[in-house]
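Heads up: the sequence shown at position 113 corresponds to 113 in UniProt numbering, and the numbers run straight through without jumps.
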Amino acid sequence: MILNIERTYRPLLRIPAYPESPKSREALEIYIKKLLDLGVIRKVGHNDQVEITTPFIVACNIGKSKMVGDFGALNTYTVPDRYPIPKIQTSLTQISHVLYISPMDALKVFHRNVVTPRARKYLRIVVHCGVYEYLRMPSGIKNAPSHFQRMMNEIFPEELSEGCLIFNIDDIIFCPKAWEENIYRLSRVLNKIQSVNMEISSRKCHFGFKELKALGHVVSGLSLGIDKSKAAAVLLKPIPQRKKKFIYRKRNKDISSIARPLYKLCDKDTVFEMTVDRVKAFESLTQALTTSPLLLMPDFKIPFELYIDSSGDGLGAALHQVQIITDKPVEGPI
């Protein structure tokens, strides 16, 4: 991986290590040793000139520590790589009308790319026990997703052109049209994964399911629903205290009427005040977000119907289809 710096970096990039608790220090030392053993990082020697240092963050979630470099300052100086990354909505549409879904979770995907010697000095992390530099691409840097997507496209050109493989960072979703095709092509995908020494998590792999959680949704070949575990966090969101904290849902029914009191707050000259009707509107939107209707996956072989409506509060449109499932027509929004 080549790291291009857009302009001369300032001494501001020399950031000291963050304060750490004894528990964080212990977890960090274990993690650093693991990266050293894997050849992902190396300790900077006493004769090496250290110009840039990035502090490390230790985040704990349900008893599990996750560590990542705080490369925010470096990212502001990095030339962006505009390599296209698939949008989640495009990936969800690609799953439409497949019979079996097989999601796989790749491990340490960014560490697959080797960092050039010239770029290593920009990827130096500082912790309480010294300074280390990355020999392989870390997570948290600006162009890591673009580099990984390019690598995946080069490894799996046939599967991508056939439309049976989807990538979303470290999520790999295999979605063939038939069971016989599933067995043959899945073997081919797994062989390629093995040939490039890529590792996948056995705990997060599910093969041949007709419905499961993927890309933050509950998906099947016929429908798209919300993931209740992710929606639960929305219910805990506090009432917003400023304009930028608003949330909305494009696919909820009567969204314009429900959100009308909140739209007025988006006006530049409106004084921010959460009145009773605005609080009620916010709570209604939050509830609607967590109970969103099940959406049909689009079938591009049959016609679409465009439903439009308007009122004094706003206007909207929705695509519908009548699909034949188990000899019964099913009509629903797309």
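Ideal Cβ positions, reconstructed from N, Cα and C, are used throughout, including at glycine.
For R120, report the span of its alpha helix (DSSP H) as first-last. Indexing the sequence shown from 1 puts residue 120 at position 120. First-last of the alpha helix (DSSP H) with R120: P117 to R120.
Pick helix, strand or coil for D171, following the three-state DSSP scheme. Taking the sequence shown and counting its residues from 1, the one referred to as residue 171 is at position 171. Annotated three-state conformation of D171 is strand, per DSSP.
Limits of the alpha helix (DSSP H) - the one that I101 falls within: Along the sequence shown, read from residue 1 onward, the residue named residue 101 stands at position 101. First-last for I101: undefined, no H or E at that position.
Is H111 buried or exposed, if buried means 16 or more other CB atoms sit within 10 Å of its CB? For this step, residue 111 is matched to residue 111 along the sequence shown. Residue environment for H111: buried (at least 16 other C-beta atoms within 10 angstroms of its C-beta).
Start-to-end residues for the alpha helix (DSSP H) that takes in H128: The residue given as residue 128 occupies position 128 in the sequence shown. Element bounds for H128: n/a, residue is neither H nor E.
According to DSSP, simplified to helix, strand and coil, what is K68? Translated into the one-based positions of the sequence shown, residue 68 becomes position 68. The question names Lys, yet the displayed sequence has Val at residue 68. In this structure, V68 counts as strand in the three-state DSSP scheme.
State buried or exposed for E159, treating a residue as buried only when at least 16 other CB atoms are found within 10 Å of its CB. Start at 1 with the first residue of the sequence shown, and residue 159 comes out as number 159. Classification for E159: buried.
Limits of the alpha helix (DSSP H) - the one that K210 falls within: Reading the sequence shown from its first residue, position 210 is the one you call residue 210. Unbroken run through K210: none, as it is neither H nor E.
Report back the beta-carbon spacing between Y134 and V115 to the nearest angstrom; my notes put them in contact at under 8 Å. The residue labelled residue 134 in the question sits at position 134 within the sequence shown. The residue labelled residue 115 in the question sits at position 115 within the sequence shown. Yes, they are in contact, since the Cβ atoms of Y134 and V115 sit about 6 Å apart, within 8 Å.
Measuring straight from C-alpha to C-alpha, what distance separates K113 and F148? Here residue 113 refers to the residue found at position 113 of the sequence shown. Here residue 148 refers to the residue found at position 148 of the sequence shown. The amino acid at residue 113 is misidentified as Lys; the sequence shows Asn. If I take the Cα positions, the gap works out to 8 Å.
Secondary structure of Q194, DSSP reduced to three states: Along the sequence shown, one-based indexing puts residue 194 at 194. DSSP places Q194 in helix when its eight states are reduced to three.
Span of the alpha helix (DSSP H) around I88: Taking the first residue of the sequence shown as position 1, residue 88 is located at position 88. Boundaries of the alpha helix (DSSP H) around I88: I88 to Q94.
Just the C-alpha distance for L215 and C205, rounded to the nearest angstrom, thanks. Here residue 215 refers to the residue found at position 215 when the sequence shown is read from its first residue. Here residue 205 refers to the residue found at position 205 when the sequence shown is read from its first residue. Distance between the alpha carbons of L215 and C205 is about 14 Å.
Buried or exposed: where does I183 fall if 16 or more other Cβ atoms within 10 Å of its Cβ makes it buried? Reading the sequence shown from its first residue, position 183 is the one you call residue 183. It counts as exposed.
Residues bridged to E305 [DSSP beta-bridge criterion]: In the sequence shown, residue 305 corresponds to position 305, counting from 1. Paired residues: H320.
Could you compute how far the alpha carbon of R150 sits from the alpha carbon of D81? The sequence position of residue 150 within the sequence shown is 150, counting from 1. The sequence position of residue 81 within the sequence shown is 81, counting from 1. Computed Cα separation, rounded: 11 Å.
On the three-state DSSP scale, how would you describe F148? Walking along the sequence shown from the start, residue 148 turns up at place 148. Here F148 sits in helix by DSSP.
If we count Cβ pairs, one from each stretch, closer than 8 Å, do we get three or more for the stretch 199-213 versus the stretch 119-126? Counting C-beta pairs closer than 8 Å gives fewer than three between the stretch 199-213 and the stretch 119-126, which falls short of the contact rule.
Alpha carbon to alpha carbon, what distance is there between S187 and L296? Your numbering for residue 296 matches position 296 in the sequence shown. Your numbering for residue 187 matches position 187 in the sequence shown. Rounded to the nearest angstrom, the two C-alpha atoms are 30 Å apart.
Between the beta-carbon of I166 and the beta-carbon of Q94, is there less than 9 Å? As a first step, residue 166 must be located in the sequence shown, where it is residue number 166. As a first step, residue 94 must be located in the sequence shown, where it is residue number 94. In this structure, Q94 lies closer than 9 Å to I166 by Cβ.
Would you check if the stretch 35-44 and the stretch 12-26 touch, i.e. whether three or more CB-CB distances between them fall below 8 Å? Counting Cβ pairs under 8 Å, fewer than three are found: no touch.
On the DSSP letters alone, give me the boundaries of the beta strand (DSSP E) that K43 sits inside. Translated into the one-based positions of the sequence shown, residue 43 becomes position 43. Run containing K43: I41 to K43, per the beta strand (DSSP E) assignment.
Could you please give the first and the last residue of the uninterrupted alpha helix (DSSP H) stretch that includes L35? Residue 35 sits at position 35 when you count from the first residue of the sequence shown. It spans P22 to L38 - the alpha helix (DSSP H) in which L35 sits, taken as one unbroken run.
Which residue wins for smallest C-alpha separation from N197, given the options I52, Q49 and I155? Locating residue 197 in the sequence shown gives position 197, where the first residue counts as 1. Nearest in C-alpha terms to N197, of all of I52, Q49 and I155, is I155.
V79 versus V189, Q287, S146 and E305, residue with shortest Cα-Cα distance: For the purposes of this step, residue 79 is taken as residue 79 along the sequence shown, with counting starting at 1. Across the set V189, Q287, S146 and E305, the C-alpha of S146 shows the shortest separation from the C-alpha of V79.
Report the partner residues of R14 according to the DSSP bridge assignment. Residue 14 sits at position 14 when you count from the first residue of the sequence shown. For R14, which the question treats as bridged, DSSP gives the partners T53.
First and last residue of the alpha helix (DSSP H) that includes L160? As a first step, residue 160 must be located in the sequence shown, where it is residue number 160. That run of the alpha helix (DSSP H) goes P157 to E162.
Using the C-alpha atoms, what's the distance from L190 back to T90? For the purposes of this step, residue 90 is taken as the residue at position 90 of the sequence shown. For the purposes of this step, residue 190 is taken as the residue at position 190 of the sequence shown. Whole-angstrom Cα-Cα distance: 24 Å.
Nearest by alpha-carbon distance to Q323: which of F304, S311 and L35 is it? Numbered from its first residue, the sequence shown carries residue 323 at position 323. Per the Cα distances, F304.
Taking I52 as the reference, which of K66, E199, K34 and Y77 has the closest Cα? Counted from its first residue, the sequence shown places residue 52 at position 52. Checked all of K66, E199, K34 and Y77; the closest Cα to I52 is Y77.
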